[in-house]
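Chemist:
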Amino acid sequence: MTCKNHYKMPLGSIGKCDCDCPKRPRPDKKVLMLFENCAPIAGNRNTPNNIIFDTEPNSLPVTMAATIENFSIDGINVTIFRRNSQETIAVQAGSSLTFVHDEVVRITVNSFGQAYTGSFKHQITYEVEKD
36 MTCKNHYKMP LGSIGKCDCD CPKRPRPDKK VLMLFENCAP IAGNRNTPNN
86 IIFDTEPNSL PVTMAATIEN FSIDGINVTI FRRNSQETIA VQAGSSLTFV
136 HDEVVRITVN SFGQAYTGSF KHQITYEVEK D
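Counting from 36, one number per residue, gives the positions in the sequence shown under my numbering.
#1: Report the residue from Ile115, Ser130, Ala150, Phe155 whose alpha carbon sits nearest the alpha carbon of valine 140.
#2: Can you tell me whether threonine 82 is buried or exposed, with buried defined as 16 or more other CB within 10 angstroms of its CB?
#3: Between alanine 125 and serine 107, is the Cβ-Cβ spacing less than 8 Å?
#4: Smallest Cα separation from threonine 152: which of Met68, Lys64, Asn79, Ile86?
#5: Cβ atoms of asparagine 72 and isoleucine 144: under 8 Å apart, would you say?
#6: Assign glutamate 122 to one of two classes, buried (16 or more other C-beta atoms within 10 Å of its C-beta) or exposed (fewer than that).
#7: Tell me the rounded alpha-carbon separation between proline 90 and glycine 148.
#8: Please determine, among Glu104, Val163, Leu95, the residue with the shortest C-alpha to C-alpha distance to histidine 157.
#9: Grouping DSSP H, G and I as helix and E and B as strand, with all else coil, what is glutamine 121?
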């Protein structure tokens, strides 16, 4: 019996066909999500490795576009941890850092020894499994 003939039969017979119908493609189970936020950041000389972003689990593929602004009168160090590497960038007083990275798992901020304030604006995309 061909597929064409099978589907002309009454509904009660569906599922009883031994035809060679092509398999239907499985729908993609991954969903691309978008998240954006703007948050203040602050710390003092006793705030080592102030975590301002963290991904859990680290295997979650995150692509991030972000700006970190330093409002303080002293510089800060921003460390961007990616799945297989890390990069520390100094952001001088009154300056900002803008970047786009993939595979971001964590971002930390450290001061140059004084209190600091600033902002962290980011937009991330990531994929998750859909049930």
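All C-beta atoms in this analysis are idealised placements derived from N, C-alpha and C, irrespective of residue type, glycine included.
Modeler: Here's the rundown:
#1: Position 105 of the sequence shown, counted from the first residue, corresponds to residue 140. The shortest C-alpha separation from valine 140 is found at Ile115.
#2: Stepping through the sequence shown from its first residue, residue 82 is reached at position 47. The residue in question, threonine 82, is exposed, as its Cβ has fewer than 16 Cβ neighbours within 10 Å.
#3: For the purposes of this step, residue 125 is taken as residue 90 along the sequence shown, with counting starting at 1. For the purposes of this step, residue 107 is taken as residue 72 along the sequence shown, with counting starting at 1. No, Cβ-Cβ distance for alanine 125 and serine 107 is not below 8 Å.
#4: By one-based count along the sequence shown, residue 152 stands at place 117. For the residues Met68, Lys64, Asn79, Ile86, the minimum Cα distance to threonine 152 belongs to Asn79.
#5: As a first step, residue 144 is located in the sequence shown; it is residue number 109 there, counting from the start. As a first step, residue 72 is located in the sequence shown; it is residue number 37 there, counting from the start. Inspection of the sequence shows that residue 144 is occupied by valine rather than by isoleucine. Against a cut-off of 8 Å, the Cβ pair of asparagine 72 and valine 144 comes out as no contact.
#6: Stepping through the sequence shown from its first residue, residue 122 is reached at position 87. Glutamate 122 is exposed by the Cβ-count criterion.
#7: Here residue 90 refers to the residue found at position 55 of the sequence shown. Here residue 148 refers to the residue found at position 113 of the sequence shown. Inspection of the sequence shows that residue 90 is occupied by threonine rather than by proline. Looking at the two C-alpha atoms, the distance is approximately 27 Å.
#8: One-based indexing of the sequence shown puts residue 157 at position 122. Check the Cα spacing between histidine 157 and each of Glu104, Val163, Leu95: the tightest is with Glu104.
#9: As a working mapping, residue 121 is identified with position 86 in the sequence shown. If DSSP states are grouped into helix, strand and coil, glutamine 121 belongs with the strands.
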